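Structure, as structure tokens:
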Amino acid sequence: MDSKLGLIQQSVNTRYSQWVRDALDELPDNFTITDPSISGHPIVFASRGFLKMSGYSQEEVIGQNGKIFQGPKTNRRTVMEIREAIREERGIQVNLLNYRKDGTPFWMLFHLSPIFGKEDGRVTHFVAVQVPISRKQRRNGGVSLSEDGSGLNEIVFGSCRKEVCSDSLLELGRVLSLDSGSKVLDIEETCEAGDFEKRRAASAYNNILSVLTHYSELTGRLVCGKRCSVPAAGYISSSLNISLGRIKQSFVLIDPHLPDMPIVYASDAFLKLTGYDRHDVLGCNFGVLDGVDTDPSTLHEIKESIQTEQACTVRILSYRKDKSSFWNCLHLSPVRNASGKITSVQIAYYVGVQIEEDCKNQDRHGLSPEMRQLSAVGAVKVAVRSLSMGASLAGSSKS
Amino acid sequence: MMLRIKRVPTVVSNYQKDEAEDTARRSGGCGKNCLRSCCIPGAKLPLYAFKKVNNIETDKAVLETENTEPPVAFLDSLVLGEWEDRMQRGLFRYDVTACETKVIPGEYGFIAQLNEGRHLKKRPTEFRVDKVLQPFDGNKFNFTKVGQEEVLFQFEASEDGEVQFFPNAPIDVENSPSMVAINVSPIEYGHVLLIPRILECLPQRIDHESFLLALYMAAEAGNPYFRLGYNSLGAFATINHLHFQAYYLAVPFPIEKAPTKKITTLNGGVIISELLKYPVRGLVFEGGNSLQDLSNTVSDACVCLQENNIPYNVLISDCGKRIFLLPQCYAEKQALGEVSAELLDTQVNPAVWEISGHMVLKRRKDYDEASEENAWRLLAEVSLSDERFREVNALIFEAIASGEDGIENVNETFPEEPETNAQSLEDENAITQSSHHAMVAGTQECLVLQ
């Protein structure tokens with residue numbers, strides 16, 4: 065967990081410098097910043113306003129996924145829409161019912177936007193602005209709440225609930241009369257944000273973006289709100305990153321289409337096993353783990369299985385960054401994209417899953433190491449195949 | 002008159018041969034390592050026992066389970082790992098990851114797959130499509146005849162309330178195990194079949210217990226891209242042995258994107274909505290104070306449909322949090338000669354996956370020309386008419402309302418409920434109850450009962 069917190073610190077500091085936190089804390093708005101490249105797509109920054117609104121402390125929120133704020137009455141379709149926007153690396157604005165730490169629900173306008181690295185076009189972070197929806201914006205109007213919706217949202221929700229209740233009665237009445245021709249006023253059981261919330265979300269986002277842009281100049285790693293360069297080959301999109309981040313085994317992805325077949329993804333468990341940092345291994349050839357006593361015939365076997373596009377399992381002597389060696393039960397498998405056989409590049413990646421032989425018996429899950437190895441292969445296959453079907457690509461080209 | 006259609010049955014098991022062949026071989030004994038009494042003694046299979054959550058699931062408990070870091074869940078790993086193992090052992094008829102698939106541009110993002118291998122080497126067979134409930138026929142192919150290597154694991158509720166896994170568990174015939182097996186003609190990675198209480202040889206017919214088992218599987222896998230589906234007889238199920246299907250596809254299904262309109266909230270918190278702007282008319286069930294509430298409501302609806310001889314499909318989506326129920330009439334239209342030759346030529350069988358927007362196409366031409374309009378046109382033929390859908394809904398709501406009566410009675414036996422809550426609950430009951438009854442009374446006369 066410490067290493068994850070370290071990653072979270074780095075996520076903010078290396079991009080915007082450590083001073084950005086103070087500047088962000090000056091902003092009055094409720095927002096969080098998340099990093100899709102870290103396993104679990106965690107929150108790496110939460111504003112004071114957000115903490116006050118949600119009732120959580122900073123420690124409770126940092127490192128968590130945004131879904132901890134959802135609850136039983138959160139609209140599942142809206143959750144899906146957010147999930148897909150993240151996977152497609154685009155912005156989205158929806159009305160969302162979230163829950164505070166004490167379990168009370170509240171409606172808010174959820175405004176999510178990706179932040180891109182200027183030089184490489186990669187998504188570095190997502191900013192999620194959350195504007196509580198105040199009561200005056202809704203149909204049965206009346207009382208207006210203070211602009212800072214925190215603390216008063218029970219009332220808001222209460223009235224929402226009543227509204228919903230009367231709607232469903234209306235609805236039943238409509239079904240009763242079987243009057244299918246009549247126009248339905250509201251499609252979803254929701255509190256609609258008004259122009260006020262939308263303006264406030266937009267201005268909050270602009271303020272946050274300008275702080276982030278400004279502080280990224282300090283580190284020289286510039287960010288922007290619009291993708292202004294096309295990511296280089298070998299880019300692992302947010303979608304793939306999030307899917308791969310869920311897999312807890314040690315594995316790497318190798319891109320066979322790039323010169324020297326470099327590693328383009330390395331899991332957290334791989335870094336832990338080998339002692340390397342991510343930037344040490346990304347871009348390196350898979351042979352980075354080989355050493356003086358690595359059997360050349362085993363290496364040949366691996367090469368051959370890549371040539372024939374077959375899976376293989378070998379026992380190979382591998383070396384960590386500190387030159388210590390371990391017996392590595394390596395399973396290597398081709399991973400296809402969804403383009404079919406007619407195109408020449410159906411193999412998108414090779415996935416290599418490592419198991420340290422001595423650790424084979426440490427099996428807290430009860431699944432055999434071999435089975436966990438295969439499950440990692442399966443999870444990678446599903447993620448890569450689904451991603452290459454075109455939906456996500458279409459989405460990102462729009463932005 | 003008996004309605005029949007001819008179609009190529011899907012080969013779900015390597016032990017599923019044409020009937021004639023099967024009969025001939027049976028006289029010669031087994032030796033196939035199957036799941037019948039001849040091979041079960043001494044056989045061992047992995048066993049996954051899931052944790053049954055309490056019936057009274059508080060909001061807080063939900064928050065807490067969502068709070069945990071989401072690594073790939075155990076069941077998810079088990080399915081993926083065992084499936085990949087069968088793939089490397091070459092048990093499938095083709096490599097589904099070599100099947101071309103694309104998301105069709107458009108508002109909904111229908112998914113088209115070109116699958117030329119799925120229908121090969123099988124003769125068209127006649128299927129009776131006008132009876133949703135048919136008795137189990139042990140002479141036909143059923144899942145007790147699959148080889149044990151096609152079974153991934155046994156799946157059951159844990160006895161002590163904790164998740165448990167046994168890599169080698171004997172098959173406890175007395176305990177009526179449910180099993181998860183591969184579909185050797187997968188339409189996506191991880192395509193499996195959940196066969197509840199396999200040895201009881203239940204016909205394809207939803208019951209409350211089996212549906213809850215399917216919901217548990219979706220919830221336990223904890224992956225929104227692992228969905229379960231069900232086809233009734235007459236709605237393109239080809240095997241009359243109770244089973245659900247499931248597979249991985251990490252893109253949203255068009256049906257999940259369709260807007261919905263709430264119809265009602267039941268006492269147990271289950272929200273029932275109607276699909277809007279979707280070619281197939283259907284109901285969406287979500288919410289509920291517990292998995293059991295949601296499961297019971299959907300089961301009531303399914304039981305109602307099958308008892309009224311209405312073919313239907315079910316999609317369990319979003320880790321069991323959203324369930325789509327779609328009565329359909331395509332096979333009936335097909336049998337009556339009311340489907341255009343153009344649509345029939347595609348040989349697309351609109352079962353649960355197609356209805357959800359994942360179109361499995363058999364001809365290159367159809368794949369290349371796949372468009373949102375084409376998908377829409379096919380699915381529109383699957384849907385009930387608006388009028389018929391209203392009638393069917395009336396039946397469903399009547400069935401659910403009578404189920405609700407039972408629940409209400411149970412509530413009354415617990416007087417320790419806080420005063421205020423009880424009051425508001427009663428009010429809500431009064432509203433939903435009277436509405437349902439009135440609604441049903443108002444529409445019953447236009448029902449066409451067979």
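Protein chains in written order, with the working numbering: chain A, 65 to 463; chain B, 2 to 451. Every residue gets a Cβ at the ideal spot worked out from N, C-alpha and C, and that includes glycine. Here the structure is a predicted model, which means the values were calculated and not measured.
- Chain order gives the chain B residues near A:K445 as E85, T98, Y190, where near means a beta carbon separation below 8 angstroms.
- In this chain, A:C292 is not harboured by any alpha helix (DSSP H), its DSSP state being neither H nor E.
- Counting of Cβ neighbours within 10 angstroms places A:M172 among the buried residues, the total reaching 16 or more.
- Note on geometry: alpha-carbon atoms of A:L431 and A:V316 lie some 21 angstroms from one another.
- Its chain contains I380, L381, S382, Y383 as the residues whose beta carbon lies nearer than 8 angstroms to that of A:T358, once the 5 sequence neighbours on both sides are disregarded; these appear in chain order.
- The beta carbon of B:G358 does not come within 8 angstroms of any beta carbon belonging to chain A, so the residue lies off that interface.
- Membership of B:V152 in the beta strand (DSSP E) is indicated by the continuous run 152 to 158.
- In the same chain as A:E183, and ignoring 5 residues on each side of it, the C-beta atoms closer than 7 angstroms to its own belong to L286, S293, in chain order.
- Residue environment: B:L195 is assigned as buried (16 or more neighbouring CB atoms within 10 Å of its CB, all protein chains considered).
- Per the coordinates, the alpha-carbon of B:G235 lies some 45 angstroms from the alpha-carbon of A:P100.
- Only buried fits A:E145, as 16 or more other CB atoms lie within 10 angstroms of its CB.
- By DSSP's assignment, A:T98 forms a beta bridge with A:I107, A:F190.
- Spatial neighbours of B:I311 in its own chain (CB-CB distance under 7 angstroms, excluding positions within 5 residues in sequence) are listed in chain order as V133, P328, V393.
- Straight-line spacing of the CA atoms in A:D386 and A:N349 works out to 18 angstroms.
- In the three-state reduction of the DSSP assignment, B:L81 falls in the helix class.
- A:V345 and A:I370 have their C-alpha atoms spaced approximately 20 angstroms apart.
- In this structure, the alpha-carbon of B:E163 lies about 45 angstroms from that of B:G107.
- When CB distances to chain A are screened at a threshold of 9 angstroms, the residues of the region 313 to 334 of chain B falling below it are S318, D319, K322, R323, in chain order.
- With respect to chain A, the C-beta atom of B:L250 has a partner C-beta closer than 8 angstroms.
- B:E275 is bridged by DSSP to B:K262, B:L284.
- Interface with chain A (8 angstroms Cβ-Cβ cutoff): B:V104 is included.
- Legend: CB atoms of the region 245 to 269 of chain B lying less than 8 angstroms from CB atoms of chain A belong to residues Y249, L250, A251, V252, P253, E257, K258, P260, T261, K262, K263, I264, T265, T266.
- If you draw a straight line from the Cα of A:P326 to the Cα of A:A297, it comes to about 11 angstroms.
- Beta bridge pairing from DSSP links A:I272 with no other residue.
- Between A:A268 and chain B, the shortest Cβ-Cβ separation is not below 8 angstroms.
- Residue-level contact by beta carbon holds for B:F166 and chain A, with a gap shorter than 8 angstroms.
- Interface flag for B:G404 against chain A is unset, since no Cβ pair is found closer than 8 angstroms.
- Beta bridge pairing from DSSP links A:P398 with A:Y414.
- For B:G338, the nearest beta carbon of chain A is not closer than 8 angstroms to its own beta carbon.
- Buried is the label assigned to A:P106, since at least 16 other Cβ atoms lie within 10 Å of its Cβ.
- Burial of B:T261 is indicated by the presence of at least 16 other C-beta atoms within 10 angstroms of its C-beta.
- The alpha carbon of A:E152 has as its nearest neighbour, out of A:E123, A:Q374, A:F190, A:K116, the alpha carbon of A:F190.
- Residue environment analysis places B:N169 among the exposed positions, since fewer than 16 neighbouring C-beta atoms fall within 10 angstroms of its C-beta.
- A residue is called buried once 16 or more other Cβ atoms fall within 10 Å of its Cβ, and A:S403 is buried on that count.
- Considering only beta carbons, the part of the region 137 to 159 of chain A lying closer than 9 angstroms to chain B consists of K137, N139, R140, R141, V143, M144, E145, R147, E148, R151, in chain order.
- Contact check for A:Q313 and A:S331: beta-carbon distance about 7 angstroms, within the 8 angstroms limit, so the pair qualifies.
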